[in-house]
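All the letters of the sequence shown, read from the start, carry residue numbers 0 to 406 under numbering that gives the first Met the number 0. The beta carbon of each residue, even a glycine, is placed where N, CA and C say it ideally should be.
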Amino acid sequence: MSETKAVAETANGQQGTPGEVFLAFLKLGLTSFGGPIAHLGYFRDELVLRRKWIDEKGYADLVALSQFLPGPASSQVGFALGLLRGGPLGALAAWAAFTLPSALLLLIFAIGASAFEGPIGQGIIEGLKIVAVAIVAHAVWGMARSLAPDRERATIALGAVLIAILVAGSFGQVAAILVGGLAGLIVCRQAGAAVSGHVEFPVSRTFGAVCLAVFIALLIGLPLAAAVVPSQALAVFDSFYRAGSLVFGGGHVVLPLLEAEVVRTGWVTPSEFLAGYGAAQAVPGPLFTFAAYLGAVLGPEPNGLAGAMIALVAVFLPGFLLLIGVIPFWDAFRARPSAQALMRGANAAVVGILGAALYDPVFTSAVVGPLQFALALTCFVLLMAWKAPPWTVVIVAAIGGALIGLA
0 MSETKAVAET ANGQQGTPGE VFLAFLKLGL TSFGGPIAHL GYFRDELVLR
50 RKWIDEKGYA DLVALSQFLP GPASSQVGFA LGLLRGGPLG ALAAWAAFTL
100 PSALLLLIFA IGASAFEGPI GQGIIEGLKI VAVAIVAHAV WGMARSLAPD
150 RERATIALGA VLIAILVAGS FGQVAAILVG GLAGLIVCRQ AGAAVSGHVE
200 FPVSRTFGAV CLAVFIALLI GLPLAAAVVP SQALAVFDSF YRAGSLVFGG
250 GHVVLPLLEA EVVRTGWVTP SEFLAGYGAA QAVPGPLFTF AAYLGAVLGP
300 EPNGLAGAMI ALVAVFLPGF LLLIGVIPFW DAFRARPSAQ ALMRGANAAV
350 VGILGAALYD PVFTSAVVGP LQFALALTCF VLLMAWKAPP WTVVIVAAIG
400 GALIGLA
């Protein structure tokens, strides 16, 4: 415990409060554009370099842990930093402050989406669908370069595409990740990066094991309970919890998982889904707050504010349970070559899953003619060649969509 306190204290020797944590992360939640990698850079500048909540080695280890686990990487790092600085209440304060700004903006968009009538309004919605093509294509390209850079992992990614296409829905995506992990154990045993850094948290192995048990119990028990109990709220919680449990490789991977849960069940139309995903690119904070929009617009009640809250809690909960559960065992586990090989294969598989989603539903739903294709290609070039921030590309797409609507 003393080692943890030493890491968590600032230079003046004072440990923080949940209020301090909330204000620090509220600033980040209002200004952190650019996706999880950019968020981690903002965290480092604000909390490591300026506020000195943790040293560089400890922060690097937190980042490595978040990249290993399923879930929203930047939100998991923020949750862990809040836990170090302000205890359990600090962890909740960090999550709430970093998440609420974007969640509220997307909730407002969901409530006001019906106001987008007429050719201009519908054109803006179409533009938000088209920008999703460019955003996802950019994500697939970047993830393929880092997570499938050699022929073994590229082949695993291709196999995941085939599985995701042939076996529709969340079952096919889970199968692709499992097959990818097993393939990684066989063909991805090359020497990994040296293990460095050290995480020391006020979390015992017993409590960590309890959190892992709760994670597994919910993952298995929620679908069974939803099948027996006729509750739409329980079904929504189950769907978003499962989606949050399987997001390896970055926030964009939540797209195909959520699409399988809410579009193929008929809760959300493809048009609503892609418009919300496009709008999510224009707000700061974690991409997982897209769940708040989906919870608000899904067809059966509860929706609106209640649906947004259920979806938001459910999609973040598994990542946080895994984080707390793995922390006490992390140093020993990550040094195992088999663990590193398994994760290489699983990460390559998620590239394939996202690649399959790029075609269907993203491309097939948004690109319905040459003008839409030209706008999608323009947005992609802005992201790739001009390195434009995603929120500016969203504005370009919305204007372009409005012009197409008037054509």
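Nearest CA to the CA of residue i: which residue from the options?
i	options	result
VAL361	HIS137, GLY158 and GLY404	HIS137
LEU316	ALA242, LEU27 and LEU104	ALA242
GLY111	PRO229, TYR292, PRO285 and GLY34	TYR292
GLY89	PHE21, ARG150 and LEU256	PHE21
LEU218	ALA208, TYR240 and GLY207	TYR240
VAL186	ILE124, VAL367 and ALA345	ALA345
GLU233	GLY368, GLY306 and ALA356	The question names Glu, but residue 233 is Leu in the sequence shown. When each option's Cα is compared against that of LEU233, the closest is GLY306.
LEU412	VAL246, ASP60, ALA313 and GLU300	Shown here, the chain extends from 0 to 406; a query on residue 412 therefore has no answer.
GLY183	ALA159, ALA226 and ASN302	ALA159
ALA310	ALA295, LEU320 and PRO299	ALA295
ILE215	GLY318, GLY141 and ILE162	GLY318
VAL173	LEU221, SER244, LEU91 and ASN302	SER244
GLU300	ALA23, ALA313 and SER230	SER230
PHE206	LEU105, ALA279, PRO148 and LEU320	LEU320
ALA406	PRO118, PRO69 and GLY86	PRO118
GLN280	THR377, LEU382 and ASP359	LEU382
LEU106	GLY368, PHE328 and GLY303	GLY303
GLY57	ASP330, ALA401, ALA338 and ALA334	ASP330
Helix, strand or coil, according to DSSP, for residue i in the structure here?
i	result
ALA384	coil
ARG50	coil
THR288	helix
CYS210	helix
THR9	In this predicted model, THR9 has a pLDDT of only 41, less than 50, meaning its place in the structure is not dependable enough to derive any value.
LEU297	coil
ARG263	coil
GLY317	Checking the sequence shown, residue 317 turns out to be Pro, not Gly. Three-state result, PRO317: helix.
LYS4	Low confidence applies here, because LYS4 scores a pLDDT of 41, under 50, leaving its location unreliable and the question unanswered by this model.
ARG150	helix
GLN14	coil
PRO118	helix
ILE398	helix
PHE239	helix
LEU311	helix
VAL166	coil
LEU405	helix
SER145	helix
SER337	helix
CYS187	coil
PRO222	helix
THR391	helix
THR268	coil
VAL130	helix
ALA281	coil
LEU304	helix
VAL457	Past the boundaries of the shown model lies residue 457; the chain is included only from 0 to 406, so the question cannot be answered.
Between the beta-carbon of residue i and the beta-carbon of residue j, is there less than 8 Å?
i	j	result
ARG152	PRO336	no
LEU83	PHE42	no
ALA96	LEU25	yes
GLY399	GLN121	no
ALA365	LEU273	yes
LEU297	VAL325	no
LEU322	PHE67	no
LEU27	GLU45	yes
VAL433	VAL350	As displayed, the chain neither begins before 0 nor continues past 406, which places residue 433 out of reach and without an answer.
LEU357	VAL135	yes
PRO388	PHE32	yes
PRO283	THR30	yes
GLY62	VAL76	Looking at the sequence provided, one finds Val at residue 62 rather than Gly. Going by C-beta atoms, VAL62 is nearer than 8 Å to VAL76.
SER74	TRP94	yes
ALA355	ALA163	yes
VAL312	PHE287	no
ARG263	GLY180	no
LEU221	ASP237	yes
ALA133	ALA147	no
VAL392	CYS378	yes
PHE108	ALA278	yes
LEU256	TYR276	no
Say whether chain C places a C-beta atom closer than 8 Å to the C-beta of residue i.
i	result
GLY399	Any reference to chain C falls outside this structure, which holds one protein chain only.
The stretch 260 to 271 touching the stretch 14 to 24, judged by at least three CB pairs closer than 8 Å:
no
Check: Any contact of the stretch 120 to 132 with the stretch 372 to 388, i.e. 3+ C-beta pairs under 8 Å?
Finding: yes
Length-filtered (3 minimum) beta strand (DSSP E) runs lying within the stretch 339 to 373:
none
Every unbroken alpha helix (DSSP H) within the stretch 23 to 106, with a cutoff of 4 residues, ordered by chain:
35 to 42 and 55 to 67
- Take every Cβ of the stretch 277 to 292, pair it with every Cβ of the stretch 101 to 108, and state whether three or more of those distances are shorter than 8 Å. yes
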